[in-house]
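These notes concern the structure reproduced below.
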Amino acid sequence: MSELKLPAVVKTRAELITTLENQRDAHPRQLIGLVMTMGALHAGHLSLVEEARKHSDYIVVSIFVNPTQFAPNEDFDAYPRQLEKDLELLATVGTDLVFAPTPEEIYPNGESRVTINPGPTATVLEGKTRPTHFAGVCQVVHKVINLVSPNVAVFGQKDAQQLAIIRQMVSDLDMSVTIVGAPIVRAEDGLALSSRNAYLSPVQRETALSLSASLRAGVSIATQGGTRAEILAAAETVISEASATADSQATLVLDYIALVDPVTFEDVDHGPAVLAIAAKVGTTRLIDNYLVEVK
Numbered sequence: 359m360s361e362l363k364l365p366a367v368v369k370t371r372a373e374l375i376t377t378l379e380n381q382r383d384a385h386p387r388q389l390i391g392l393v394m395t396m397g398a399l400h401a402g403h404l405s406l407v408e409e410a411r412k413h414s415d416y417i418v419v420s421i422f423v424n425p426t427q428f429a430p431n432e433d434f435d436a437y438p439r440q441l442e443k444d445l446e447l448l449a450t451v452g453t454d455l456v457f458a459p460t461p462e463e464i465y466p467n468g469e470s471r472v473t474i475n476p477g478p479t480a481t482v483l484e485g486k487t488r489p490t491h492f493a494g495v496c497q498v499v500h501k502v503i504n505l506v507s508p509n510v511a512v513f514g515q516k517d518a519q520q521l522a523i524i525r526q527m528v529s530d531l532d533m534s535v536t537i538v539g540a541p542i543v544r545a546e547d548g549l550a551l552s553s554r555n556a557y558l559s560p561v562q563r564e565t566a567l568s569l570s571a572s573l574r575a576g577v578s579i580a581t582q583g584g585t586r587a588e589i590l591a592a593a594e595t596v597i598s599e600a601s602a603t604a605d606s607q608a609t610l611v612l613d614y615i616a617l618v619d620p621v622t623f624e625d626v627d628h629g630p631a632v633l634a635i636a637a638k639v640g641t642t643r644l645i646d647n648y649l650v651e652v653k
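Those letters in the sequence shown? Residues 359 to 653, by this note's numbering.
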């Protein structure tokens, strides 16, 4: 059995542009797909590449831990970095090119003088506890899409608020790229896959299962025709019980459970909705969500 071919790697904007120009010259009818990651890849990321492959012929994956989306008290320095392992994983799903720049390459002048205001959707839920986060996300997504000029860019539903804001940015700024959302990938026990799961001890991971259990309780009420209040109450009950019984090394502190419009992230009483949760397990902040229909 032959060894998997590792994707080509470029680390500068100039190399990226030249490589893609050559690719387009050689294959002018090819569609280019983009998947943006911060590395520490897992099966969830690989599913994004597989989704991109459905829509495009040549896949570019960026691996960049973006400093502008981390607050001063967040885990930028501790965020796992494992480029060689990531390349091996990407080879298994047929990635063609990896763009792995340094912060200095993406932000050569340090802090950008021109930034993107991500709008009102960025002020709620994740935006309340991480007020600069989505501006940083929009900045780097806009930059990398400009550099790659993909036909399609795939983002995960796990970061539902990020996906909504990126879609809004692409629409409002007339960016010529199609944004595709890919479903959340879960472990067999229901935990949403996340690079931050690596921070969890075994007992903390067990406690973290209460996030998805909470959401499933809410989804169950929604499918039975429950009201907004009933859906949220069912989800909150699971978290409250889990918090009360959590091990001292696996404390569970709820940030929010919310039922919101999938576009605006405003509270919603009926129709399509995102049932979202954020909580700290020990010192690790986790998020999860399910798409529901409120009748």
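For each residue, glycine too, the CB sits at the ideal point set by N, CA and C.
None of the values given here were measured: they were computed from a predicted structure.
Strand pairing of residue i, partner residues [DSSP]
i, result
"lysine 638", "Val611, Arg643"
"alanine 540", "Gly514"
"glycine 629", "Val652"
"leucine 455", "Ala366, Val418"
"valine 621", "Paired residue(s): none; valine 621 is not in a bridge."
"alanine 350", "Because the chain is modelled from 359 through 653, residue 350 falls outside the range shown and cannot be assessed."
"alanine 550", "Arg544"
Residue i and residue j closer than 9 Å at C-beta
i, j, result
"proline 508", "valine 418", "yes"
"leucine 406", "leucine 447", "no"
"arginine 643", "aspartate 613", "yes"
"glutamate 484", "isoleucine 645", "yes"
"alanine 522", "valine 621", "yes"
"phenylalanine 457", "valine 502", "yes"
"lysine 516", "asparagine 647", "yes"
"valine 538", "valine 650", "no"
"leucine 441", "glycine 402", "no"
"serine 420", "valine 510", "no"
"valine 535", "leucine 392", "yes"
"aspartate 433", "arginine 554", "yes"
"proline 365", "threonine 460", "no"
"alanine 608", "glutamate 564", "yes"
"valine 618", "alanine 631", "yes"
"alanine 634", "alanine 540", "no"
"isoleucine 615", "glutamate 594", "yes"
"alanine 566", "valine 482", "no"
"threonine 377", "leucine 455", "yes"
"arginine 586", "aspartate 627", "yes"
"alanine 493", "leucine 362", "no"
"histidine 500", "methionine 527", "yes"
Residue span of the beta strand (DSSP E) that contains residue i, given as start and end
i, result
"leucine 392", "390-395"
"isoleucine 421", "416-421"
Closer than 9 Å to chain B by CB, residue i
i, result
"isoleucine 579", "Looking for chain B here will not work: only one protein chain is present."
Nearest candidate by alpha-carbon position, reference residue i, set the options
i, options, result
"serine 559", "Leu633, Thr641, Ser601, Thr581", "Thr641"
"isoleucine 579", "Thr376, Glu546, Pro459, Lys653", "Lys653"
"threonine 473", "Val498, Pro466, Lys486", "Val498"
"valine 495", "Asp530, Glu546, Ala480", "Ala480"
"aspartate 530", "Val506, Glu361, Ala493, Pro476", "Pro476"
"aspartate 532", "Asn504, Ala556, Leu549", "Asn504"
"proline 430", "Arg488, Met527, Arg387, Leu378", "Arg488"
"threonine 370", "Gly629, Ile390, Tyr465", "Tyr465"
"methionine 394", "Glu373, Arg387, Phe422, Lys412", "Phe422"
"asparagine 380", "Tyr557, His628, Val506", "Val506"
"valine 596", "Thr585, Arg586, Glu588, Leu569", "Leu569"
"glycine 468", "Leu362, His491, Thr490, Thr426", "Thr426"
"aspartate 625", "Ala550, Leu590, Leu549", "Leu590"
"tyrosine 557", "His500, Ile375, Ala410, Pro438", "Pro438"
"tyrosine 416", "His385, Asp435, Ala436", "His385"
"alanine 571", "Ser470, Arg382, Asp383, Ala550", "Ala550"
"valine 611", "Gln562, Ile375, Leu389", "Gln562"
"leucine 389", "Glu462, Lys412, Glu373, Glu463", "Lys412"
Extent of the continuous alpha helix (DSSP H) to which residue i belongs
i, result
"phenylalanine 492", "491-506"
"leucine 447", "441-449"
"serine 405", "401-413"
"proline 461", "461-464"
"glutamate 484", "484-487"
"threonine 377", "371-384"
Please specify which runs of the alpha helix (DSSP H), each continuous and at least 4 residues long, are wholly inside the stretch 556-604, giving them in chain order.
-> Counting whole runs of 4 or more residues, the stretch 556-604 contains the alpha helix (DSSP H) stretches 560-581, 586-603.
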